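Using our numbering, the first residue of the sequence shown is number 500, and each one after it goes up by one.
From the three backbone atoms N, C-alpha and C, an ideal C-beta is built for every residue, glycine too.
On a predicted model such as this, the values are computed, not experimentally measured, just so you know.
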Amino acid sequence: NAEQLKELVAEFKALIKEGTGQDFPTDPKQQIWGAIGAVFSSWDNDRAAVYRRDYGIPHNWGTACNVQAMVY
């Protein structure tokens, strides 16, 4: 129900604040740029480096990020 979803959102927002030290942004533009930044930053994390090494993917390739508008 709606009340349970509100509680779930509050829990996720608390986890984000705990992990980043910042509130989840309310501005949609900040949200999308944050998501894009997370995609590009993920290329450099340890797990991604191990995956690339294990599967012979060159480190200098980089990654892509697709953004698509949602239609309701």
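Gly561 and Trp542 closer than 9 angstroms at C-beta | Yes, these two residues count as a Cβ contact at 9 angstroms.
Classify Val508 as helix, strand or coil using the three-state DSSP reduction.
-> helix
At which residues does the alpha helix (DSSP H) containing Pro498 begin and terminate?
-> The requested residue 498 does not occur in the structure, where the chain is confined to residues 500 to 571.
Out of curiosity, what's the CA-to-CA distance linking Ala534 and Ala513?
-> 18 angstroms
Excluding the 5 residues preceding and the 5 following Phe523 in the sequence, name in chain order all residues of the same chain whose CB lies nearer than 6 angstroms to its CB.
-> Lys512 and Ile515
Can you give the Cα-Cα distance for Asn544 and Gln503, rounded to whole angstroms?
-> 34 angstroms
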